[in-house]
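Undergrad:
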Amino acid sequence: MEEIKKKLKALAIGRKIRAIRQSKRLTLEDVSKRTGLSKALISRVENEQVSPPIATLLRIASALKVEISHFFSDEAFPQKVTVVRHHEVSSSRESMLIEGKDAGYSYELLAFKKDDKHMEPFIVKFDIRERAEVPMQQHKGEEFLHLLEGKLEFFTNEETIILEKGDSIYFDSGLSHGYRGLGDKPPRALVVVYSP
């Protein structure tokens, strides 16, 4: 966990967000209105007091009109082909919040070196928790999930779907949705998010 914290601190995601926001002459209030996130949460992200979950980063990136990968790279990688080796993959877990609740998952970025892309692939590990503890989330675009191991509950306001190892789901991520792990072992999934 300490190694992960060091990697995240080195990426300086919050400082990058603040620098982009200020370069575009946007206030915290402006970004709050564009994202639907509170000014307090955006401030905590910028001050690196919390590590934002994927949905929050996507909303901030969209509001600032940058790719989410910009927050995770130290330089631009304009190549047509990029490779991320297994030892380069970054993980995030510490204090990820959605609307003030623990997000309930950790993720590894699989293509952080590639800028200017429309898809963002992750390996996500979901917590086993009670449904009432799971915050709902939504963001523009589409999402694909392929369950690699474990058992996962996906739900919206209208339906609940149980996924088992090998199952996949593809949906409009503008739909308010949530996930929670079921069983004894936290499930892991390959998740690809498309953000227009």
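Note that this note's numbering has the sequence shown beginning at 71, numbered continuously upward. Just so you know, even glycine gets a beta-carbon here, dropped at the ideal spot from N, CA and C.
What separation, rounded to the nearest whole angstrom, lies between the Cα atoms of residue 152 and residue 179?
TA: Numbered from 1 along the sequence shown, position 82 holds the residue referred to as residue 152. Numbered from 1 along the sequence shown, position 109 holds the residue referred to as residue 179. Each residue's alpha carbon lies about 13 Å from the other.
Undergrad: What does the Cβ neighbour count give for residue 251, buried or exposed, with the cut at 16 atoms within 10 Å?
TA: Within the sequence shown, the letter at position 181 stands for residue 251. Per the 10 Å Cβ criterion, buried.
Undergrad: So does the stretch 234-241 actually touch the stretch 195-205, counting three or more Cβ pairs closer than 8 Å?
TA: Counting Cβ pairs under 8 Å, fewer than three are found: no touch.
Undergrad: For residue 110, does the count of other Cβ atoms within 10 angstroms reach 16, so buried, or fall short, so exposed?
TA: The residue you call residue 110 lines up with position 40 of the sequence shown. Its Cβ having fewer than 16 others within 10 Å, residue 110 is exposed.
Undergrad: Could you please give the first and the last residue of the uninterrupted beta strand (DSSP E) stretch that includes residue 259?
TA: To locate residue 259, count along the sequence shown from 1; it is residue 189. First-last of the beta strand (DSSP E) with residue 259: 258-264.
Undergrad: According to DSSP, residue 206 sits in a beta bridge with which residue or residues?
TA: Taking the sequence shown and counting its residues from 1, the one referred to as residue 206 is at position 136. In the DSSP output, where bridge partners are listed per residue, residue 206 has none listed.
Undergrad: In or out: residue 157 buried (at least 16 other Cβ within 10 Å) or exposed?
TA: One-based indexing of the sequence shown puts residue 157 at position 87. Looking at its Cβ environment, which holds fewer than 16 other Cβ atoms inside 10 Å, residue 157 is exposed.
Undergrad: Let me confirm a value: residue 246 is counted as buried when at least 16 other C-beta atoms fall within 10 Å, else exposed. Which label applies?
TA: For the purposes of this step, residue 246 is taken as the residue at position 176 of the sequence shown. Exposed, by the Cβ-count rule.
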